[in-house]
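Chains as they are written, first to last, in the working numbering: chain Y, 1 to 262; chain A, 263 to 532; chain Z, 533 to 805.
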Amino acid sequence: MTLLDVSGLAVRRADGHRLVGDVSFALDAGERLALIGESGSGKSLTALAVMGLLPAGMTAHGSVLLGGTQMIGAPDRTLNRVRGRTAAVIFQEPLTALDPLMRVGRQIAGPLRRRGLRGAALRAAVRAALDEVRLPERVARAYPHEISGGQRQRVAIAMALACEPAVLIADEPTTALDVTVQAEVLALLDGLVAGRGMALLFISHDLAVVAEVADRVVVLKDGSPVESGRTRDIVGQPRHAYTRALVDSARALEGELDRLAP
Amino acid sequence: MRGRFTFLAGCVLVGLILVVAAVSLVWLPYDPADTSGGRLAPPGGAHLLGTDKLGRDLLTQLMVGARIALTVGIGSVLVGGLLGVAGGLIAGFATRWLDDALSAVLDILIAFPTLLLAMLVVAAREASLGSAILAIGLAMSGVVARLTRILVKRVLAQDYITAARTSGTSWPRVVAEHVLPNIWPTLLVNLSLQLGLAVLAEASLSYLGLGPPPPNASWGRLLQEAQATVLTSPTGAIAPGVLLVVLVVGVNLVADGFRDLADPTRRRTR
Amino acid sequence: MTPAMTPAMTPAAPAVLETREAGFAYRGGRPVLEGVSVAVPAGRSLALVGESGAGKTTLLRLLLGLARPTTGQVLFDGAPLVPRDRAFRRAVQPVFQDPYSSLDPRQRVARIVSEPLRSLGLLSPGSRAARRDEAGERVAEALRSVGLPADAAGRYPHEFSGGQRQRIAIARALVCRPRVLLADEPVSALDVSTRARVVELLAGLAESHALTVVVVSHDLSVVAALCARTAVIERGRVVEQGDTADVLGAPAHPYTRRLIDSVPRLSRASRLR
């Protein structure tokens with residue numbers, strides 16, 4: 001069975017305006033798919049629609065089967081059962097994804113409780129979760145504003161992984177980070193996804209980052225897919241003019257660096 | 263256009279009260295002190311809305327009350343707005359210890375009960391409309407100043423302020439060209455809410471004898487006086503209540519609509 | 533300056549902007565910058581490279597005269613920088629990272645772009661109408677040089693995309709014909725494709741307007757494309773500086789090496805191999 005099966009997904013505003021249309025893709029255990037596009041291309045809305053997290057005033061149409069559950073039109077109870085367990089999300093800005101008034105340890109403990117852990121077992125699980133994202137134990141006692149952006153994103157990853165989801169959705173997880181931190185977080189994500197055999201849906205505007213983590217790509221423009229296929233083929237032989245422009249600008253940007261520091 | 267509709271609807275409501283207040287200056291059905299109508303006469307007949315427990319014509323009282331409500335509302339918003347915005351601007355620009363000190367002053371002013379403030383003002387002056395306006399305005403200025411301070415700080419943190427400074431724009435010009443245009447819409451809506459609160463505050467001051475003395479009954483006083491007889495003669499309580507709501511809602515709609523009309527991001531883009 | 537105070541090693545091209553052993557610390561805090569000496573000679577664009585918290589934005593604020601160094605000196609045209617000096621303000625203009633915060637949402641583009649002209653008194657004396665016309669022409673010229681249509685002048689910032697907004701910000705910096713552009717992460721808030729176009733624009737402007745560009749960035753691909761010289765800053769100190777080709781081609785400091793290795797590149801991507 002396919003873990004995540006999206007077919008004919010559309011997102012509409014209340015006034016009927018179409019923001020995303022005709023998006024289809026499938027994702028199986030161990031697979032890594034990226035949605036790539038510029039701001040306004042609908043890539044983040046697609047991710048939100050998959051989780052049933054669209055903001056008020058927007059509706060999803062079509063079909064999103066997540067672990068066999070139809071997410072579109074499902075009641076909150078069904079969605080809550082699926083969220084976190086079948087699929088979890090990491091967002092771009094970890095500061096807004098964490099509760100500023102709660103110590104990091106307690107935030108990580110939240111989703112772990114859903115697995116029925118209590119007392120000493122819970123504390124051990126929090127320690128293990130921090131260790132898994134390579135964070136020292138003392139981070140558990142810190143508030144989100146007391147740790148760096150990279151550490152916050154690691155905390156967010158630990159929380160997303162707490163319920164052992166089968167699908168991880170990462171929405172621009174490194175866009176707000178410095179390059180060296182981005183490299184570390186990408187390497188961490190890469191290892192965790194591979195180690196757990198999770199499926200990864202990666203959302204980004206940066207082709208070079210995508211080429212680092214995803215095997216397949218769906219290119220979105222103005223809410224519609226223009227091209228999809230293996231990352232290698234898309235970068236090597238882009239067929240659509242828009243994809244070609246994306247590849248060209250990425251190559252143009254790094255061209256000088258390639259020349260100076262190959 | 264939502265903004266325009268809101269604005270026009272508000273104008274109609276406020277206009278209604280303004281007309282009533284204006285008419286009361288030149289014509290009243292009865293003398294406000296005339297108690298010949300009989301106690302608690304029902305609406306209809308010689309007294310369109312009936313009379314109060316002293317036999318005064320209710321419509322006359324309401325018309326005079328409109329004048330007082332508008333005077334108190336506009337007067338205290340002027341006092342509170344001018345003091346509050348000025349203080350808030352200074353606090354917004356202040357840094358370190360001065361900012362801390364001014365914030366402490368504002369907190370004390372806000373924590374200070376309006377009633378106590380009013381008693382002090384009345385003790386220093388006399389129980390009059392002017393004293394009520396001064397006391398309500400002073401109490402309001404603390405809240406307005408605190409809001410202004412936060413709004414100013416938020417604008418000052420924006421890069422366009424830094425850009426203005428590196429363009430050699432002087433601080434007074436930064437205030438006039440960037441700070442005020444970006445904070446007044448929110449301030450305006452808040453002041454319109456404050457206007458409604460001021461009219462209500464005057465009512466409680468009057469009740470305690472700290473407001474303008476009778477027979478110049480404000481809507482608030484009418485409401486208070488009608489309390490005891492609300493079950494037998496409800497018009498006395500309902501009528502001033504309705505007018506109060508019309509004024510408060512009207513002013514709010516005007517401010518809301520005006521804000522929307524002035525906001526370039528809410529205007530239709532070409 | 534007396535000859536005795538002139539440093540022994542005077543560079544061939546006089547620096548427009550320079551810091552000498554500049555340090556900065558907030559009251560009672562650890563120093564954000566320590567002993568930073570960088571020079572911006574005319575026509576030699578400089579990159580200040582480092583990560584958040586390294587102190588590069590503070591350094592930029594020193595160069596912009598928005599903060600005073602707590603130790604050392606900042607020089608403009610060889611003399612201590614005077615922030616209120618109109619010649620300095622006119623010569624050195626900033627471009628910010630976030631194009632959503634750097635444009636006043638309640639002003640039309642014409643007003644935003646012409647602000648330096650009005651504030652620095654750069655319009656020729658004359659009637660109001662004449663000055664308005666002159667400002668209009670200068671704004672149109674600035675918008676043209678950043679590749680925006682002339683009718684952009686009458687619109688508001690929210691009607692533009694991130695990349696276009698950054699162009700408006702660049703037009704505002706250009707309108708007073710400065711010699712130095714100080715750009716703080718000018719493209720990091722933009723999409724990759726927009727990034728490439730804005731970098732291209734900045735490189736072109738440096739050429740056509742004889743501008744010296746100082747770029748603060750953590751993105752080495754931007755640095756390589758724009759700047760002749762690079763200074764790498766780590767925890768408030770310059771750990772390496774020199775010609776960009778040397779710094780990136782043969783990095784001497786391990787931190788520089790790590791920065792170079794961290795840049796995601798299509799040419800190195802693991803999934804393409």
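Ideal Cβ placement from N, Cα and C applies to all residues, glycine included.
Predicted model, so just to flag it, every value in this text is computed and none were measured.
Decide if residue i is buried, meaning its Cβ has at least 16 other Cβ atoms within 10 Å, or exposed.
i         : result
Z:His-741 : exposed
Z:Arg-622 : buried
Y:Ala-194 : exposed
A:Phe-269 : buried
A:Val-274 : exposed
Z:Arg-727 : buried
A:Thr-494 : exposed
Y:Gln-237 : exposed
Y:Thr-46  : buried
Z:Gln-629 : buried
Z:Glu-766 : buried
A:Ala-438 : exposed
Z:Ser-659 : exposed
Y:Pro-75  : exposed
According to the Cβ coordinates, are residue i and residue j closer than 8 Å?
i         : j         : result
A:Gln-456 : A:Val-339 : yes
Y:Gly-42  : Y:Gly-223 : yes
Y:Leu-98  : Y:Val-155 : yes
Y:Glu-227 : Y:His-240 : yes
Y:Asp-171 : Y:Val-89  : yes
A:Trp-481 : A:Leu-505 : yes
A:Ala-366 : A:Val-461 : no
A:Val-383 : A:Ala-397 : yes
Z:Arg-805 : Y:Ala-214 : no
A:Arg-318 : A:Gly-299 : yes
Z:Val-730 : Z:Leu-743 : no
Z:Leu-649 : Z:Ala-667 : yes
Y:Cys-163 : Y:Arg-114 : yes
Y:Ile-72  : Y:Val-64  : yes
Z:Thr-603 : Z:Gly-555 : yes
Z:Val-570 : Z:Leu-578 : yes
Give me the chain Z residues within the contact set of residue i, using Cβ-Cβ distance strictly less than 8 Å, ordered along the chain.
i         : result
Y:Gln-182 : Ser-794, Pro-796
Y:Glu-212 : Pro-796, Ala-801, Ser-802, Arg-803
A:Thr-428 : Leu-596, Gly-597, Leu-598, Arg-621, Val-624, Gln-625, Pro-626
By the three-class DSSP mapping on this structure, what secondary structure does residue i have?
i         : result
Z:Ser-802 : helix
A:Lys-315 : coil
A:Gln-323 : helix
Y:Ile-169 : strand
A:Pro-434 : helix
Z:Ala-547 : strand
A:Phe-355 : helix
Y:Met-71  : coil
Z:Ile-702 : helix
Z:Ser-693 : coil
Z:Gly-582 : coil
Z:Ser-651 : helix
Z:Thr-603 : strand
Y:His-61  : strand
Z:Ser-634 : coil
Z:Leu-613 : coil
A:Ala-295 : coil
A:Thr-531 : At A:Thr-531 the pLDDT is 41, less than 50, meaning the model places this residue with poor confidence and gives no usable figure here.
Y:Ile-147 : coil
Y:Leu-4   : strand
A:His-309 : strand
Taking C-beta pairs closer than 7 Å, name the residues in chain Y that residue i reaches, listed in chain order.
i         : result
Z:Asp-723 : Glu-38, Ser-39, His-205
For a contact defined as C-beta to C-beta under 8 Å, what are the partners of residue i on chain A?
i         : result
Z:Pro-637 : Asn-444, Pro-526, Thr-527
At a CB-CB cut-off below 7 Å, which residues of chain Z make contact with residue i?
i         : result
A:Asp-421 : Phe-628, Asp-630, Ser-633, Ser-634
Y:Ser-333 : Because chain Y here runs from 1 to 262, residue 333 of chain Y falls outside it and cannot be looked at.
Which residues in chain Y have a C-beta closer than 8 Å to the C-beta of residue i? List them in chain order.
i         : result
Z:Leu-780 : Leu-257, Leu-260, Ala-261
Given that residue i touches chain Z, what residues does it touch there, using C-beta distances under 9 Å?
i         : result
A:Val-435 : As written in the sequence, residue 435 of chain A is Arg, which differs from the Val given in the question. Going along chain Z in sequence order, the residues near A:Arg-435 (Cβ under 9 Å) are Arg-650, Ser-651.
What alpha helix (DSSP H) runs, 4 residues minimum, are completely inside the region 474-516 of chain A?
-> Taken in chain order, the complete alpha helix (DSSP H) segments of 4 residues or longer contained in the region 474-516 of chain A are 481-488.
*Of all the alpha helix (DSSP H) runs that stay within the bounds of the region 190-227 of chain Y, which reach a length of 4 or more residues?*
207-213
Inside the region 696-759 of chain Z only - alpha helix (DSSP H) runs reaching at least 4 residues: 724-740, 752-758
Along the region 161-183 of chain Y, what residues have a CB closer than 8 Å to any CB found in chain C?
-> Any reference to chain C falls outside this structure, whose protein chains are Y, A and Z.
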